[in-house]
Amino acid sequence: MNLMVFVDENGKIIYSESYDIQNKVMRQVPDFFSTRLDSNHPLMNMSDPHVQTAGFLILPEDILLVSSQPIIYSDYSGQAKGVFIIGKYLNIDEVNRIGTLTQPGIRFHRIDNNTLSRDIIAHIKDNSEGNYGYVQALNFETVQGYILLKDIQGNDGLVLQITKERDIFNKGFETTIQVLLIILTGSLILGMVLIFFLNSLIIKRVDSIACQVKKISNQTTLGERITLAGDDELSGLADEINRMLETIEQTQKKLQESEYQFRDLVESLPDYIVVYGKNKNIIYINPAAARAIGYEPDAMIGLPVMLMIGQNFRKLVTRYMKKKGNRRRNSCI
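In numbering that gives the first Met the number 0, the protein residues as written are 0 to 332.
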């Protein structure tokens, strides 16, 4: 406490004293308390003995924290005979003490000084109507907040500035980065596991089916089948391919049997049958025709078909072949 003042009910200063705690010397009482107080001043509030009036005064030389209490009996009886006022100077030492108690760095700016820019003061006044204040981030590590404080008479007096590290923001940012890293790592692991299962359960098995089908297609017979373990869509596809191969093999066998039967029938006929190609060379001749000219059937394959026709009939046969035989690739006579 730096100041003590006794005032009667008329506002007359009965006693006043001021003391410098830091230097431990008496100091002059501020001029504000040198004569008398206006009876309408908030410090002269004596309407309720249980109510204290507190605030701060903007003095030319200092900022003074003040509080007043009506002077009455200890049992709160009787009529107030005046007020008792105490005060404390809001100097650098006091600000540092408050900052030590509250942790963040604090600073007070007088509204009538030019320590703050006009833009900041305008923002502070715009946001102080709802006691929200004004906050701005200085950098990634530090944030500053401002709020307008009114003096004991309700006038704009001080701007409280608080500077604090952005602990919550930094913690939130670090947590966000950690969560993103966890999600990214989990996604990579999940992707690798998914690729592994796709390769082992699908791609590898599809490749196995393709290789087996290619191997079977390069063979002359269709006796082999696709083997694929499991009981899923791919194994069902392998079974369908095996059934298709079975059908093709059965059809091929029937065609071969029909071909053998047709060949046996043709070779047993007494008629002469000769099949020649587009180049007029013999590609098949039955035994009856071969025996008629004194050759074995195999010896006649690839020879010109005209060798079997006499000189007198070759022109006639040639005209016939040009007229009829050119309509088809292979012909027989």
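The beta carbon of each residue, even a glycine, is placed where N, CA and C say it ideally should be. Treat the numbers as computed from the prediction; the structure is a model and nothing was measured.
As assigned by DSSP and simplified to three states, the class of residue i
i	result
S186	helix
F168	helix
D238	helix
N329	Any reading at N329 must be qualified, since the residue scores a pLDDT of 49, below 50, and its modelled position is unreliable; the value itself is stated next. N329: coil per DSSP, three-state reduction.
L2	strand
F139	coil
E295	coil
R26	strand
K314	helix
N280	strand
Q160	strand
L56	strand
H108	strand
I12	strand
Y271	coil
I119	helix
L180	helix
V134	strand
L148	strand
P103	coil
I19	This sequence places Asp at residue 19; Ile is not what is there. Strand, per DSSP.
D47	coil
A287	helix
D231	coil
D61	coil
D125	helix
D155	strand
D7	strand
Candidates the options, of which the one nearest residue i by Cα
i	options	result
T52	L36, Y88 and P69	P69
I123	T174, G104, R35 and Q143	Q143
G86	Y14, I97, S66 and R165	S66
K11	L233, Y271, L36 and L187	L36
S116	Y145, R96 and T226	Y145
V274	K253, M305 and K252	M305
P269	E232, I281, Y283 and A289	A289
N1	I167, T250 and Q21	Q21
F5	G81, D47 and E245	G81
D92	D19, D263 and S73	D19
D125	L147, N138, F261 and A237	L147
D206	G190, I225 and M191	I225
I308	I97, I292, K321 and I176	I292
S15	K23, M3 and V24	M3
F26	T34, E60 and A136	Residue 26 is actually Arg in this sequence, not Phe. Nearest C-alpha to R26: E60.
G98	F195, T220, L159 and N138	L159
D230	I201, V212, I300 and K321	I201
K252	N154, T219 and V178	T219
I282	S267, I272, Y294 and I300	I300
N90	L187, T250, E258 and L56	L56
Y271	R262, N278 and A287	A287
T141	R165, A298 and R242	R165
Y88	G77, G54 and G153	G54
S76	I105, R96, M45 and L100	M45
F172	I194, L197, K163 and F139	F139
Cβ-Cβ distance between residue i and residue j below 9 angstroms
i	j	result
F107	I62	yes
L58	F83	no
P103	I182	no
I110	L64	no
G276	E248	no
P296	N285	yes
I215	L244	yes
L333	I208	In this structure the chain extends from 0 to 332, so residue 333 is not present and cannot be described.
Expected contact under 8 angstroms - CB spacing of residue i and residue j to nearest Å
i	j	result
V28	S38	Actually they are not in contact, since the Cβ atoms of V28 and S38 sit about 20 angstroms apart, beyond 8 angstroms.
I71	P41	In fact, because the Cβ distance is near 18 angstroms, the residues do not count as touching under 8 angstroms.
E8	A79	7 angstroms
I240	V265	At roughly 37 angstroms, the Cβ-Cβ gap does not stay under 8 angstroms, so I240 and V265 are not in contact.
R242	L227	With a Cβ gap of about 14 angstroms, R242 and L227 do not count as contacting.
K163	D155	Not really, about 24 angstroms apart at Cβ, beyond 8 angstroms.
Residue i CB to nearest heavy atom of the ligand SAM below 8 angstroms
i	result
R224	Looking for the ligand SAM in the displayed structure turns up nothing, as the structure carries no ligands at all.
Just to confirm the assignment: which complete alpha helix (DSSP H) runs, minimum length 4, are found wholly within the region 63-101? 91-101
In chain order, each alpha helix (DSSP H) run of at least 4 residues that lies wholly inside the region 190-229: Counting only runs of 4 or more, we get 203-216.
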